[in-house]
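Here's the structure we're looking at; comments come further down.
Number of protein chains: 6
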Amino acid sequence: MTGLIVTGPPKASLADVDVLATLGVATVHEAMGRKGSLGCGLRPIQLGAAIGGTAVTALCWPGDNLMIHAAVEQCGPGDVLVVSTTSPSRDGLFGELFATALRHRGVRGLVINAGVRDVRALRDMGFPVWSAAVSAQGTVKATAGSVNVPLVIEGELVRPGDAVLADDDGVVCVPRDQVSATVSAAKSRAEKEAASREAFEAGELGLDRYGLRQTLTTLGVEYLSFEEYEKRSST
Amino acid sequence: MTGLIVTGPPKASLADVDVLATLGVATVHEAMGRKGSLGCGLRPIQLGAAIGGTAVTALCWPGDNLMIHAAVEQCGPGDVLVVSTTSPSRDGLFGELFATALRHRGVRGLVINAGVRDVRALRDMGFPVWSAAVSAQGTVKATAGSVNVPLVIEGELVRPGDAVLADDDGVVCVPRDQVSATVSAAKSRAEKEAASREAFEAGELGLDRYGLRQTLTTLGVEYLSFEEYEKRSST
Amino acid sequence: MTGLIVTGPPKASLADVDVLATLGVATVHEAMGRKGSLGCGLRPIQLGAAIGGTAVTALCWPGDNLMIHAAVEQCGPGDVLVVSTTSPSRDGLFGELFATALRHRGVRGLVINAGVRDVRALRDMGFPVWSAAVSAQGTVKATAGSVNVPLVIEGELVRPGDAVLADDDGVVCVPRDQVSATVSAAKSRAEKEAASREAFEAGELGLDRYGLRQTLTTLGVEYLSFEEYEKRSST
Amino acid sequence: MTGLIVTGPPKASLADVDVLATLGVATVHEAMGRKGSLGCGLRPIQLGAAIGGTAVTALCWPGDNLMIHAAVEQCGPGDVLVVSTTSPSRDGLFGELFATALRHRGVRGLVINAGVRDVRALRDMGFPVWSAAVSAQGTVKATAGSVNVPLVIEGELVRPGDAVLADDDGVVCVPRDQVSATVSAAKSRAEKEAASREAFEAGELGLDRYGLRQTLTTLGVEYLSFEEYEKRSST
Amino acid sequence: MTGLIVTGPPKASLADVDVLATLGVATVHEAMGRKGSLGCGLRPIQLGAAIGGTAVTALCWPGDNLMIHAAVEQCGPGDVLVVSTTSPSRDGLFGELFATALRHRGVRGLVINAGVRDVRALRDMGFPVWSAAVSAQGTVKATAGSVNVPLVIEGELVRPGDAVLADDDGVVCVPRDQVSATVSAAKSRAEKEAASREAFEAGELGLDRYGLRQTLTTLGVEYLSFEEYEKRSST
Amino acid sequence: MTGLIVTGPPKASLADVDVLATLGVATVHEAMGRKGSLGCGLRPIQLGAAIGGTAVTALCWPGDNLMIHAAVEQCGPGDVLVVSTTSPSRDGLFGELFATALRHRGVRGLVINAGVRDVRALRDMGFPVWSAAVSAQGTVKATAGSVNVPLVIEGELVRPGDAVLADDDGVVCVPRDQVSATVSAAKSRAEKEAASREAFEAGELGLDRYGLRQTLTTLGVEYLSFEEYEKRSST
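Chains as they are written, first to last, in numbering that gives the first Met the number 0: chain A, 0 to 234; chain B, 0 to 234; chain C, 0 to 234; chain D, 0 to 234; chain E, 0 to 234; chain F, 0 to 234.
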């Protein structure tokens, strides 16, 4: 296998990405029709960070971080570096030195479907990271891979220039050409959620607010007092 | 499959439950004869919270949170909502809006053998949650399930009205009819632990305190100096 | 199966161990030629702790902590207790009372390839722990095992007296007879890392600093503008 | 923890159990309303075996098979031995010698939520086994457990005397008091399946046979030619 | 979420697909530059089957097989049905009745990133299946999904009309527009493998045949007699 | 990291190894005091094969099989090749061509803590393999590793020249210097098992044969009729 380093991909509008970042991963995921989540396997190494940026992608061989070095050069202000491997790997492909180089270039954070290390230093320098593992296990720089080709993480495609959002709920990817439509959809969803929050604080039930009593009836779900239930179970 | 919503189950005494909550999950689990632990897969999304309450149970289809809506209506002050799915699911079935509705009803927290989302908001509002995953992945409201039927999580039965306790060590369930006996057993275990703590602080060994030297001898465990061990290994 | 309790193993120099602890797990692991990591499965129950010490090892039967009691007696100032089981086990083999006894003896922390409990109390008393799980599930004291025999955790050998270092990146073991050589290697690696950090802060690229442009060329990795890439993909 | 050995539990009718066994695990599971499956983790060690019997249950400590010895004495003709452990264990708790003893007593097979060994001998002697693992790892006989108490495997309760059915699709448990109702339901389901099979062989579609075209419409699922789809994607 | 059913996608040439199928999954994967493998999680339910066909894809909600019904109608001679779910699911989404309908339409087999059931019947009728699990757990038909949209399985994209090949080594997907180039590459790789096989049968070493002695030297790998190694280890 | 290729290690007596192979993995594991099992993760790709041989070890980088090429040259008649990786890897590191080369040299089989491919060809040529996975995913030949250094698989040490035995129950390793003692122990265990088999066929119970009734009494296990149990549960 050899590889490609693709330069100058088109990118989602940073202004739009910034709006999406304030709305949060869960809301944006819903606004896209429940798509784009990179799964529950990518967890933040810090609490409370919430970022958005445009993806620069790196595809590495397991246990090998050569292509992250190549990817750094393709990164600029507003980007988020997204790394995956050709086979599952939990080794520590990324650490403090990479973060130092990326911060110099204005990169907003890292999403890596593999391991990271130096996590205390990463937290101390305030460089946000979402990863599949924390591992001290080091890597070689021996095998070709690619930069800025489409990646797949947990069943979702991430292409260079796509919007990548990450917070305590995980990571979501919005395809470049859907970013502006998603901004509108996510805003209107956030408004609906605000209204529901107010209603729930006042004691309304989701059963009534979302018309779910009818759904339960249609599905044949039955209400039963505990006494009736006990009686029915014992016969 | 259709479902049942059972109303008005008998509940463990909240006064007893509150005593158990102060004693902690590990102590209560020991006091029950090492039973009732819901396993190491359910982890808190916050640090330091410790709750106890009476279980309201919801059994959902994977990727579907319809029955949580139905369960909310069955919840009241002192309850803990306990959710599981008919097949393993790590999707985010529960979020901030549900917590808002539950808090209005006096519910003390959530135990869910599936995923949650909006975890930052949940932490900020102080609604304690123990879950199998954090996931932005949303769900539908399309399939029947049940409320207040017995659930099984990691090999332990949770029935509506049972006492459910949760802290940084995980979650334990005490069957409704064993709660008052468990209060006495847990109190006396906590006293024994306090005495042992004092003895260990003073330098006593568990080998002596629990009579384990005899156990080692009976089992044929042998003491050997490092030199003898090396010699024996090399022949 | 019966067991052995080996007494008085030779130990790595604590002065050397203390130097390694300040250099950190990832740096020491690299300095050893990328060896000794106990894997990404052992995670700290606290944030920010970093310890080093000499290993006292305990090999237990799954669900049984008898041999930890025997191991406590073999522990002294500067030691780290390292526990594993003969088959994988996530039960809570270790808790606050053991920590109390170990602290009395000057032990610096615990590394356990199984579960722990009382984690809130352990955090409150400042006893650092790295474990494979947190679990309230208690254990018996019924089956023989060994103390101060070589253990294997995630493919790495830990012998009594070896240096064990742990921080937020995980745990690394340095064989007793390699400790002093590792001190020199780790120091010189830390110096190189400091120089690289400075260079990266000034904007140098790893591609240039480590001569990786040549590697990419040798491997046949090709640079391509996005437009060329698109064109090539569509044919 | 100490234990109980419960003797003489009531049992499901073997005549009914034998009928269920001929209908197969998947059909019986559907007939119960999609309940009772012991999950995809229990796999047969042989191909093509299909058994049914009444459960004798054994609850063991991980790595300890003492209670299987106690359970053997409680087993008789038509029984299936069902074994689980208090914490997950993949050790080889069961082997050829146990199977020899069970066959002498007329036992029909083993379902074990742990490991087995001697699998070649077990296949050769025709003793059918469904297990969570195959493992040469041996066990001790040191810790108390229970016989003929309710067990939970993968979220389902198995009580002594319940009907247990196992084939290449896995294992299903039918509660003793639902066996006769399940026989009728399963028979009528098998008839429906036979009719559907015939219809499908003749080319009918499930969309038509089950009225699912309406479901798709209600859910808003849209048909689109590939050309339209391509056009829509590119804008 | 709602869904799409895309009709009439272009398909890879069946003649080419048939050639690839005879060359085998591993060879085709290598010929594509080590791409396209759907991972080690998809295993055959039978031994020795080897198929190739053009993909019809179905994306289902976990625990819901509604969209497989919709997909059947889109299937024709030479197709392979490829199914995945929006979140991981191991339920039995597919069984004998579906296979009956698909065989009627000339479909060559099933690749499913979820569970199947009726596996004995599937083997008996000779309908080949590769799946992530075997599970008796049944499903509902309640939630929208899509047919003939791109799917991702274990990090690889499968688009409708792509060539899908499966044998005892697993499953590989060849993008529609690369099928004919892959035929040539795979044929020439198969010839090289045949030559290597002959050489290895005659005793040649891979070290010599592939010029790897030089690689070892360049990497600094050192040859050492066991005596020298022992001596070096002991100092 | 660079590597070592150690030549000419001393080997266990093949005559002894052949005796152990006839006694089987489970019996030998027991005879060693329940040690040496390489865990339930290594499964045979064929049914019914049982081999024994002397270990030649290869330690590879994940996704890289360079060192298997180096190991082939170190293999001779009676050897078993044992492969592991520095980090977990399920890629297909080994296939038919390697088996062809090994068979030419008189090697008896492969044990690999990673993936294999060409499994149908391997079965057809009768080359026995135990592996952690089957995967079509190919590998590079780019990174240094070692041959004939000690490996650890699932917590057990395998050194070059050790006896490695494998059958349908998995794989066990007997340290070179314990082989002859293990032959005697395993033979006498096999005799005891034969006597027990005969006794169990005649209806004797393990409870009586192994004196376990006393153990149950000592542990406080209580016998209870089902009626008494029901009564006790309901109060």
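Beta carbons are placed, not taken as given, at the ideal position from N, Cα and C, and that holds for glycine.
Taken in chain order, the members of the stretch 141–175 of chain A whose beta-carbon sits within less than 9 Å of a beta-carbon on chain E are 141, 149, 150, 151, 152, 153, 154, 155, 156.
Listed by position along chain F, the residues whose Cβ is nearer than 9 Å to that of residue 200(E) are 99, 100, 102, 103. Secondary structure of residue 93(A) (DSSP, three-state): strand. Counting along the chain, no beta strand (DSSP E) covers residue 192(F); the unbroken alpha helix (DSSP H) around it starts and ends at 178–200. The residue from 29(F), 174(F), 90(F), 215(F) with its alpha-carbon nearest to that of residue 62(F) is 90(F). Shown here, residue 21(D) sits in a helix according to DSSP, grouped into three states. Take the alpha-carbon of residue 180(F) and the one of residue 161(F): they are about 13 Å apart. Put simply, the CB of residue 83(F) is near chain C, with a gap under 9 Å to one of its CB atoms. Among the residues facing chain A, residue 130(C) is not included, as its CB has no counterpart in that chain under 9 Å away. In terms of CA proximity to residue 68(F), 209(E) leads the group 231(E), 209(E), 224(E), 128(E). A contact between stretches requires three or more CB pairs, one per stretch, nearer than 8 Å, and the stretch 112–123 of chain D fails this requirement with the stretch 111–131 of chain B. Restricting attention to 27(D), 52(D), 7(D), the CA atom closest to the CA of residue 17(D) is found in 52(D).
The C-alpha of residue 220(F) lies about 23 Å from the C-alpha of residue 216(B). Exposed is the label assigned to residue 222(E), since fewer than 16 other Cβ atoms lie within 10 Å of its Cβ. Nearest to residue 93(D) by alpha-carbon distance, out of 128(D), 149(D), 39(D), is 128(D). Relative to the Cα of residue 151(A), the nearest Cα in the group 149(E), 182(E), 154(E) belongs to 154(E). When DSSP states are grouped into helix, strand and coil, residue 141(D) belongs to the coil group. For residue 72(C) against residue 206(B), the beta-carbon gap comes to about 6 Å, under 8 Å, which counts as contact. The three-state reading of DSSP puts residue 229(E) in helix, counting H, G and I together. By alpha-carbon distance to residue 107(C), the top candidate from 32(C), 45(C), 49(C), 139(C) is 49(C). Its chain contains 145, 148 as the residues whose beta carbon lies nearer than 7 Å to that of residue 3(B), once the 5 sequence neighbours on both sides are disregarded; these appear in chain order. Partner residues in the beta bridge of residue 4(E), as assigned by DSSP, are 222(D), 146(E).
Taken through DSSP and simplified to helix, strand or coil, residue 42(A) comes out as strand. Residues of chain A with a Cβ closer than 8 Å to the Cβ of residue 50(B) do not exist, since the nearest Cβ in that chain sits about 21 Å away. C-alpha of residue 186(D) to C-alpha of residue 33(D): approximately 15 Å in a straight line. Closest option to residue 96(D), judged by alpha-carbon separation, among 190(F), 226(F), 213(F), 227(F): 190(F). For residue 108(C), the beta-bridge partners assigned by DSSP are 79(C). The closest CA to that of residue 167(C), considering only 26(C), 7(C), 5(C), is found on 26(C). Of the candidates 182(F), 79(F), 198(F), 101(F), the residue whose Cα lies closest to the Cα of residue 199(E) is 101(F). Between the alpha carbons of residue 15(F) and residue 87(F) lies a distance of about 32 Å. The Cβ atoms of residue 8(C) and residue 225(B) sit closer than 9 Å to each other. The three-state secondary structure of residue 58(F), taken from DSSP, is strand. In summary, the residues of the stretch 21–37 of chain C whose CB is separated from some CB of chain A by less than 7 Å are 24, 25, 28, 29, 33, 36, in the order they occur in the chain.
Interface with chain B (9 Å Cβ-Cβ cutoff): residue 12(C) is excluded.
A Cβ-Cβ contact shorter than 9 Å links residue 105(A) with residue 77(A).
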